[in-house]
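As numbered in the working numbering, residues 270 to 412 make up the sequence shown, in order. Ideal Cβ positions, reconstructed from N, Cα and C, are used throughout, including at glycine.
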Amino acid sequence: MRIADLLRKKGSAVATVTPETTVTTLLAGLAEHNVGAMVVVHPDGSIAGIVSERDVVRRLNERGPGLLDGPVSEIMTKLVASCTPDDSVDQLSVLMTQRRIRHVPVLADGRLAGIVSIGDVVKNRMEELEHSQEQLQAYISQG
């Protein structure tokens, strides 16, 4: 299955913030959208980074509560792994495992076209396994 197929099922909406957004505002957005990460975008729409709950927790432990009033640009991951709609879910799974990341923005022609989480990948795999099981059961019952 390709990433484009996965996005058709789950949708392509992406929660974003700007580099200047405060960490407190980021946390409110994560809670509001019920997501674990947000893509950080420049005003022109290009990706500046990505910031996750994990980034916040780790930096909060290092720097203390003053971090909450600072901009997300101080805690975001700037080197962002991405994929394209034409990539396979299996390729993305390998990337996520190798890089130990849970959220990957999808870029189409250099523009943000969606985001895929490890939960999306696992859900897709579970659906594939269920479909295979159903096919096997149908084959056995016919035979």
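For residue i, three-class secondary structure by DSSP
| i | result |
| --- | --- |
| L381 | strand |
| R271 | strand |
| G264 | Outside the modelled stretch of the chain, which goes from 270 to 412, sits residue 264, for which no answer is possible. |
| S281 | coil |
| A306 | strand |
| P354 | coil |
| R369 | coil |
| G333 | coil |
Close-in-space but distant-in-sequence residues of the same chain around residue i (CB under 6 Å, 5 per side omitted)
| i | result |
| --- | --- |
| S342 | P288 |
| T293 | L337 |
| H311 | A317 |
| L296 | none |
| A377 | P354 |
Classification of residue i by the beta-carbon crowding that lies within 10 angstroms, buried from 16 upward
| i | result |
| --- | --- |
| G335 | exposed |
| I272 | buried |
| V269 | A query on residue 269 cannot be resolved here, the shown segment of the chain reaching from 270 to 412 and no further. |
| L405 | exposed |
| A306 | buried |
| S410 | exposed |
| S351 | buried |
| H372 | buried |
| L276 | buried |
| S321 | buried |
Which residues DSSP lists as bridging residue i, in chain order
| i | result |
| --- | --- |
| P374 | I384 |
| V391 | Answer is none; V391 lacks a bridge partner. |
| V286 | V309 |
| T293 | T293 pairs with nothing; no bridge assigned. |
| T346 | I319 |
| G340 | The question names Gly, yet the displayed sequence has Pro at residue 340. The partner list for P340 (beta bridge, DSSP) reads T291. |
Below-8 Å beta-carbon distance, residue i vs any chain D residue
| i | result |
| --- | --- |
| R271 | Given the protein chain composition of this structure (a single chain), no chain D is represented. |
Cβ shell of residue i (< 8 Å), same chain only, five flanking positions each side left out
| i | result |
| --- | --- |
| S357 | M270, R271 and I272 |
7 Å CB neighbourhood of residue i in its chain, flanking five on each side removed
| i | result |
| --- | --- |
| L329 | L336 |
| A284 | G298, H302, V304 and M307 |
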